[in-house]
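Numbering (my numbering), first residue to last: 140 to 341. All C-beta atoms, glycine included, are put in the ideal place defined by N, C-alpha and C. What you are looking at is a predicted structure, and each value in this text was computed from that prediction instead of being measured. What follows is a set of notes on a single structure, which appears directly below.
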């Protein structure tokens, strides 16, 4: 099962993927996440956190989960500890993380992570940030801020790159079949077929 929690002033989508044993994986816990984290921990045993990229509105909620492994691409690991990269500076906020407090496990392109009975496959999709990734399992793609419904993520933040974004979008479309559902970091759910046919950036 997959549930969406939309929080913060950027209306960031965080996803909770669960199994029938009451275990779950949390994807991109963002800003104003305290209430959502409390609900999740009350209902599930949280086994891991998947991060699609290191911006504040996708990582800030990590602070509400202790002793949980955090998966992030190698190139975005530093975002947890650099307030200019993660945009805490832009928001006028102080970064809440210390390196020794987090169990960060870095991933690379095409890695497979076995969690709660699912196999999550990593697709490196730079453009929004240098270490942006999509995670896929079954016929679902968690696309972060790379692919949106009829749009894509912006490329003007630190480490963003519009050429790499274009290449990443093409790679997503060539990697996943039309029947894959897309769960983006903002806005509504879509499908690969819908984006292939209607996304102006493709």
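Using C-beta distances below 6 Å, list every residue in its chain close to residue i, excluding the 5 sequence neighbours before and after it, in chain order.
i           : result
residue 311 : 286
residue 158 : 255, 256
residue 244 : 208, 210
residue 145 : 152
Grab me the residues of residue i's own chain with a C-beta within less than 8 Å of its C-beta, minus the 5 sequence neighbours each way, in chain order.
i           : result
residue 161 : 182, 183, 184
residue 319 : 275, 278, 279, 280, 330, 331
residue 296 : 194, 226, 267, 268
residue 154 : 141, 142, 143, 144, 165, 166, 167, 281, 322
residue 246 : 210, 211, 212, 213, 252, 261, 272
Which residue wins for smallest C-alpha separation from residue i, given the options the options?
i           : options            : result
residue 152 : 213, 186, 165      : 165
residue 187 : 178, 283, 204      : 204
residue 289 : 259, 340, 233, 163 : 340
residue 336 : 309, 322, 324      : 309
The alpha helix (DSSP H) that contains residue i, what's its start and end?
i           : result
residue 302 : 301 to 314
residue 331 : 331 to 337
residue 295 : Unbroken run through residue 295: none, as it is neither H nor E.
residue 227 : 227 to 230
Tell me which residues share the same chain as residue i and place their Cβ nearer than 7 Å to its Cβ, disregarding the 5 neighbours each side in the sequence.
i           : result
residue 214 : 269, 270
residue 150 : 325
Could you tell me which residues DSSP puts in a beta bridge with residue i?
i           : result
residue 323 : 283
residue 162 : 184
With a threshold of 8 Å between beta carbons, is residue i in contact with chain C?
i           : result
residue 198 : Looking at the structure shown, chain C is missing, and only one protein chain is on hand.
Would you give the residue range spanned by the beta strand (DSSP E) that residue i belongs to?
i           : result
residue 252 : 251 to 254
residue 242 : 242 to 246
residue 276 : 272 to 276
residue 257 : 257 to 263
Continuous beta strand (DSSP E) assignments of at least 3 residues falling wholly in the region 173 to 215: 184 to 189, 208 to 212
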